[in-house]
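One gets my numbering by counting positions in the sequence shown from 1 and adding 1178 to each. Every residue, glycine too, gets a C-beta built ideally from N, C-alpha and C. Since we're looking at a predicted model, the values are computed, not measured.
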Amino acid sequence: MEIKNTVALVTGANGGIGKHYIEALRAMGASRIYAGARNPDTLADLAAIDPQQIIPISLDITDEQSVRAAAVECKDVTLLINNAGIGLLKGFISVADLSSARAEMEVNYFGTLSMCRAFAPILKANGGGAIVNMLSILGRINFPMNASYCASKAAGFIMTQGIRAELAAQNTLVIGVMPGTVDTAVSQDFPPPKVAPEVVAQEALQAVIDQVEDVYPGEQAKEMAAQLLKDPKALEKAMAMMLPH
Ligand SMILES: NC(=O)c1ccc[n+]([C@@H]2O[C@H](COP(=O)([O-])OP(=O)(O)OC[C@H]3O[C@@H](n4cnc5c(N)ncnc54)[C@H](OP(=O)(O)O)[C@@H]3O)[C@@H](O)[C@H]2O)c1
């Protein structure tokens, strides 16, 4: 699949990585880019770059009605980029209740699933296309300082595998993107190393072209993925050590 002349939809387009997806899609010649945001007014500057090419849409991925409306409005999509997500930096046991864990599941798992379900028939009608799910290396290993986020991204990882299997017959490529720390506002207090958001977008779109299903952008994610194959228990212990006592 080429990016040139694709019609893409990016969720969370007003976020740190979302903006770079839009830029990379533009640079690689996408013909139309639907930019989804809960508040499309936040996309005014982005859309002003090329109003013919970048079309802001109102989209809350946790709201079934909003997702359905997007599917009605964007029937020509061939590339769905599920980038929207939240991470609340909470533990499993140290929290007062389950509200943060539920909120992360609602956006990162159910919201992304809802988008895949709504757009699967559209991708099929348009020849197959591709879905890119923004996951995290933290969906492969727990980081106790952001524990329930990891669980929601792990659910997203398993979901991505299952959707890949279900959509293989309609020729839809399903990609999981698993960066380490990305240099955006949400990770400003995290220590280095950090991968640049433009690198994440570029590696993900290159994976669409090369048909690579599991993408680990940046050195940190690649090293952790290698460690998960070599010695997953050592990585688990190292992550646990980072929790202050
Ligand atoms: N930054 C990192 O270190 C890192 C590492 C690995 C993976 N990721 C993943 O990469 C993706 C983008 O992260 P980021 O760093 O760009 O974070 P960000 O700047 O906070 O962007 C997240 C985007 O998701 C949107 N969003 C949240 N809830 C939504 C909902 N219910 N419906 C629609 N949109 C919603 C936000 O929109 P609002 O403005 O409306 O809140 C925002 O545009 C996320 O899935 C994140 O988990 C990030």
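Taking the Cβ atom as the reference point for each residue, do residue i and residue j lie within a distance shorter than 8 Å?
{"i": "K1372", "j": "V1355", "result": "no"}
{"i": "G1317", "j": "T1350", "result": "no"}
{"i": "R1399", "j": "I1315", "result": "In the sequence on display, residue 1399 carries Ala and not Arg. Contact: yes."}
{"i": "T1290", "j": "G1340", "result": "no"}
{"i": "T1240", "j": "F1288", "result": "yes"}
{"i": "Y1199", "j": "N1261", "result": "yes"}
{"i": "L1267", "j": "E1282", "result": "no"}
{"i": "G1214", "j": "T1184", "result": "no"}
{"i": "G1269", "j": "A1332", "result": "no"}
{"i": "I1195", "j": "V1378", "result": "yes"}
{"i": "V1386", "j": "L1257", "result": "yes"}
{"i": "I1259", "j": "L1313", "result": "no"}
{"i": "V1221", "j": "A1191", "result": "Inspection of the sequence shows that residue 1221 is occupied by Leu rather than by Val. Yes. Within cutoff."}
{"i": "K1197", "j": "L1237", "result": "no"}
By the 10 Å Cβ neighbour count, where 16 or more other Cβ atoms means buried, how is residue i classified, buried or exposed?
{"i": "P1370", "result": "exposed"}
{"i": "M1420", "result": "exposed"}
{"i": "Q1423", "result": "Residue identity check: residue 1423 is His in the sequence provided, not Gln. It counts as exposed."}
{"i": "K1408", "result": "exposed"}
{"i": "S1330", "result": "buried"}
{"i": "P1229", "result": "exposed"}
{"i": "K1253", "result": "exposed"}
{"i": "V1393", "result": "buried"}
{"i": "I1309", "result": "buried"}
{"i": "A1382", "result": "buried"}
{"i": "A1404", "result": "exposed"}
{"i": "I1232", "result": "buried"}
{"i": "I1227", "result": "exposed"}
{"i": "I1235", "result": "buried"}
Measuring straight from C-alpha to C-alpha, what distance separates residue i and residue j?
{"i": "S1209", "j": "P1410", "result": "42 Å"}
{"i": "S1365", "j": "S1292", "result": "26 Å"}
{"i": "N1178", "j": "M1206", "result": "The chain is shown from 1179 up to 1423; residue 1178 falls before or after that span and cannot be answered."}
{"i": "G1396", "j": "T1362", "result": "14 Å"}
{"i": "Q1243", "j": "N1311", "result": "21 Å"}
{"i": "R1295", "j": "E1414", "result": "33 Å"}
{"i": "A1346", "j": "A1274", "result": "42 Å"}
{"i": "R1246", "j": "C1328", "result": "28 Å"}
{"i": "I1181", "j": "S1277", "result": "39 Å"}
{"i": "M1417", "j": "F1321", "result": "5 Å"}
{"i": "E1251", "j": "P1357", "result": "31 Å"}
{"i": "Q1348", "j": "F1368", "result": "41 Å"}
{"i": "I1300", "j": "A1249", "result": "8 Å"}
{"i": "R1204", "j": "T1338", "result": "26 Å"}
Quiz prompt | Completely contained beta strand (DSSP E) runs for the region 1193–1256, where each covers 3 or more residues | solution = Here the runs fully enclosed are 1210–1215, 1232–1236.
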